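Under the numbering used here, the first residue of the sequence shown carries the number 179, and numbering increases by one thereafter.
Some notes on the structure that comes next.
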Amino acid sequence: MRILLANDDGVHSPGLVALHEALADLGRIRVVAPDRDHSGASNSLTLNRPLTVEEHPGGFLSVDGTPTDCVHLAVNGLFDEPFDRVISGINTHANLGDDVIYSGTVAAATEGRTLGLPAIAVSLANEGHYHYETAARAIRELVQHGDGLSLGPRCLLNVNVPDRPWGEIEGFRVTRLGHRERGESVIPVTCPRGRQRYWIGSAGEGDDAGEGTDFHAVRHGFVSVTPVQVDMTRHEALDSLRGWLEGVGG
């Protein structure tokens, strides 16, 4: 098995190291990650300059670009051999509900999916205990049993793991994405030169977070596994929209 690992927290992230260690004996593992933290980068590609790739101990490669850049370069030219799947993470915090829109972790997996590979994004629902080894073991379990699931090309799973020892994990749950409340207001600050600056406020708590959602599963100690699609079309609105457009521009 040939697996590409990426993330959005940077090439030196402990979550990435834990994931590499957990999967190392399952096949040929390549690591290509950003040279710094790119949390919130979403699916951005760097198109206004060339990218630099550097090698680090253990064969890890860093890119001075986004998580999407990392997967794009790795699949489209850095290596001679093709990959069987892409795994992105372990993110230092949860990616639940609407987080997937902004997440660089999910974006790296999405790029793998866009390039025709099955992909998994994995995040730790961090509560300050940093049980990356638990999240890494959860992904190892999924990969090892992948033959029993049709993880074909263009399949993307978003996985969130409770921050607790493996022995305290209640199991795995298939979930849907929940939704967050509106995030906190921006936080104004003044720089030493007297100019106004703004911090983006914290994300909102779970709003649509009941049973069946990723929020609910993680809160109750389960590994949340959500199938994610990239098609953003609101299919149930197509017929009503067609009817409305019939009267437009008559």
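We put the beta carbon where it would ideally sit given N, CA and C, even for glycine.
Just so it is clear, the structure is predicted and the values come from calculations on it, not from any experiment.
The Cβ-Cβ distance between residue 200 and residue 317 falls below 8 Å. DSSP places residue 266 in the strand class (E or B) of the three-state scheme.
Pairwise C-beta distances place the stretch 293-306 out of contact with the stretch 225-241, as fewer than three of them are shorter than 8 Å. Between the C-alpha atoms of residue 343 and residue 373 there is a straight-line separation of about 46 Å. DSSP places residue 398 in the coil class of the three-state scheme, outside both helix and strand. Between the C-alpha atoms of residue 358 and residue 348 there is a straight-line separation of about 24 Å.
In this structure, the alpha-carbon of residue 424 lies about 50 Å from that of residue 340. For residue 308, the three-state secondary structure derived from DSSP is coil. By alpha-carbon distance to residue 214, the top candidate from 234, 241, 198, 233 is 241.
Secondary structure remark: continuous beta strand (DSSP E) runs of at least 3 residues inside the stretch 345-370, in chain order: 349-352, 365-368. Contact annotation: the stretch 251-261 touches the stretch 281-297, with at least three C-beta pairs closer than 8 Å. One alpha carbon belongs to residue 309, the other to residue 402, and they sit about 16 Å apart. The C-beta of residue 283 has 16 or more other C-beta atoms within 10 Å across all chains shown, which makes the residue buried.
Cβ contact annotation for residue 204 (same chain, cutoff 8 Å, sequence separation greater than five): 179, 181, 318, 321, 322, in chain order.
Proximity to residue 189 across 415, 280, 272, 268 peaks at 268, based on C-alpha coordinates. Less than 8 Å divides the Cβ of residue 185 from the Cβ of residue 266. DSSP places residue 244 outside both helix and strand once states are collapsed to three, so it counts as coil. Counting along the chain, the unbroken beta strand (DSSP E) around residue 375 starts and ends at 374-377. Rounded to whole angstroms, the Cβ separation of residue 217 and residue 187 is 7 Å, and the two are in contact under 8 Å. With fewer than 16 other Cβ atoms inside 10 Å of its own Cβ, residue 417 counts as exposed.
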